[in-house]
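Let me begin by presenting the structure, written as structure tokens, before commenting on it.
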Amino acid sequence: MKQIKVIGLLLILGLVSFTSCESVDGAQKVADNFFQAFNNQDEKAMETILDQEFIIDAGIKDDFYDVFDQHASALGNIKEYERYAFSTNINNGVTTVTLKFKCETDKKNPVYEKLKFVQRGEDYKVIAFQYNTDKSAIDNEEK
């Protein structure tokens, strides 16, 4: 009986781990598209990446684009980026993924960026974007 419980627990942990990795991979693909659209200043592509429902309902659509413009003018394009941390959360059946990146830009290095995604069907959409030259500001921010 004890062995069955252990096997059951291991199966559950394996499933959670697989789901987490799958979520991170899906969000990473969107992050790659996000950085490309950002560098190209491609608003049409960005609109497919951002969670339009969320940002319109929250009334922050213009705020998103203002942050992108500020980033581009202060730091330039993102030349390289590397993910250094991630987290996943499932709450009431809604999966969110947070990815943190260390970036090299045209004007200032390094820059730390955080993207938060929500799963919509099979896709992931960006619901939050933050950047700072101070890594602790990104790492210590409330989840």
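In this text, residue positions in the sequence shown follow my numbering: the first is 160, and each later residue adds one. By construction, the Cβ of each residue, glycine as well, lies at the ideal position given by its N, Cα and C atoms.
- Relative to the Cα of Asn236, the nearest Cα in the group Val226, Asn198 and Thr257 belongs to Asn198.
- For Ile249, the beta-bridge partners assigned by DSSP are Thr254.
- Here the alpha carbon of Leu258 sits roughly 12 Å from the alpha carbon of Phe193.
- Taking Ala204 as the centre and dropping the five residues before and after it, the same chain places the C-beta of Asn192, Gln195 and Ala196 closer than 8 Å to its C-beta, in chain order.
- Per DSSP, Glu206 is one residue of the alpha helix (DSSP H) stretching across Glu202 to Ile208.
- Rounded to whole angstroms, the separation of the alpha carbons of Gly252 and Ser182 is 13 Å.
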